[in-house]
Amino acid sequence: AMMNRPPETPETTFGGNVKEFFKGVVPGAIGLAETAGTGIAALLPDETEKSAREKIKEIAGVAKKPFEASAGYEDSIGRNLGQGLGSTLPFFALGPFGPAARVAAGGLGVAAGAGEAREAAEAKGATGEERRLATQLGAPTGLFDLLAPQIKPFKSLLVTASARGGVEGLTEAAQKVAQNLIAKGVYDPQQEILVGSGEEGAYGAGVGALTSLIVDMTIGRKARRAQLGLDKEQAPPPAGEEKK
């Protein structure tokens, strides 16, 4: 009788959520690459697309394996924030490296938007033509992620973090609404427009603020200022000094 008892769900703790946050960053980045790969593969003929996506999924699965969530933390706040950060960091990290890097980030965003739309259409059993149209419409939604790093500078690091969080939350919610609109207009007339956008926006806001703090603490003031597009002439006085 003892052997037939269902396994108990482990209790989650704050420390466990912190651990899952860090573990989730790498799978989040891999997931972004996997979704972008799905969008790029959609350009291939059907059979080639299928084999390419199978290979992409296999490689991504192997790469994610060491970072699997512990029992009970699969959908925890820490895990979701970590994965959200991982899927957002590439767009922030490319910011300081000039126009070519921003073009690459744009391509990544477009591919990921297309991939997300294609996966959503497939999950709802859309026809081939519906999948194609949804994929094409979904591509521009990936450009929302490029909005988050493009925010006017603020003197206070915490204000900057809050502002970036707000922008990221807005872009995540906008992406969700846009994908819902595509679904409703192309293959699922019953799709609710706002469903999921609140949760996406909340996680996006948290991810944006965390990203800002991490960027500020790791790549230094000079790189951060370049990323924000702040001119040297507008440089604030060093910490501890006041304008006279």
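Everything in the sequence shown is counted per the numbering used here, starting at 786 for the first residue and increasing by one. Note that CB positions come from ideal geometry on N, CA and C, so glycine has one too. In this text, all values refer to a predicted model and were calculated from it rather than measured experimentally.
- According to the DSSP assignment, residue 920 belongs to the alpha helix (DSSP H) that extends over 913-923.
- Membership of residue 836 in the alpha helix (DSSP H) is indicated by the continuous run 831-849.
- Note that the C-beta distance between residue 950 and residue 991 is below 9 Å.
- Boundaries of the alpha helix (DSSP H) around residue 825: 799-826.
- In the displayed model, residue 947 falls within a helix according to three-state DSSP.
- DSSP places residue 960 in the helix class (H, G or I) of the three-state scheme.
- Annotated as distal: residue 924 and residue 948, with beta-carbon spacing of 9 Å or more.
- Of the residues 827, 975, 869, the one whose Cα lies closest to the Cα of residue 930 is 869.
- Distance from residue 834 to residue 827 at the Cβ level is roughly 6 Å; contact confirmed, criterion being Cβ atoms closer than 8 Å.
- Straight through space, the alpha carbons of residue 866 and residue 805 are spaced by roughly 9 Å.
- Residue 987 holds the alpha-carbon nearest to the alpha-carbon of residue 955 among 797, 863, 987.
- Residue environment analysis places residue 839 among the exposed positions, since fewer than 16 neighbouring C-beta atoms fall within 10 angstroms of its C-beta.
- Residues of the same chain with a CB within less than 7 Å of the CB of residue 807, apart from the 5 flanking positions on each side, are 867 in chain order.
- Taking a C-beta distance under 9 Å as the contact criterion, residue 803 and residue 852 do not qualify as a contact pair.
- For residue 952, the number of other beta carbons within 10 angstroms of its own is at least 16, and it is reported as buried.
- Residue nearest to residue 797 within the set 965, 822, 960, 863 is 863 (criterion: CA-CA distance).
- It is roughly 25 Å from the alpha-carbon of residue 836 to the alpha-carbon of residue 968.
- In this structure, residue 855 keeps its C-beta atom at 9 Å or more from the C-beta atom of residue 800.
- Collapsing the DSSP output to three states places residue 859 in coil.
- Taking C-alpha positions only, residue 1001 is separated from residue 875 by approximately 15 Å.
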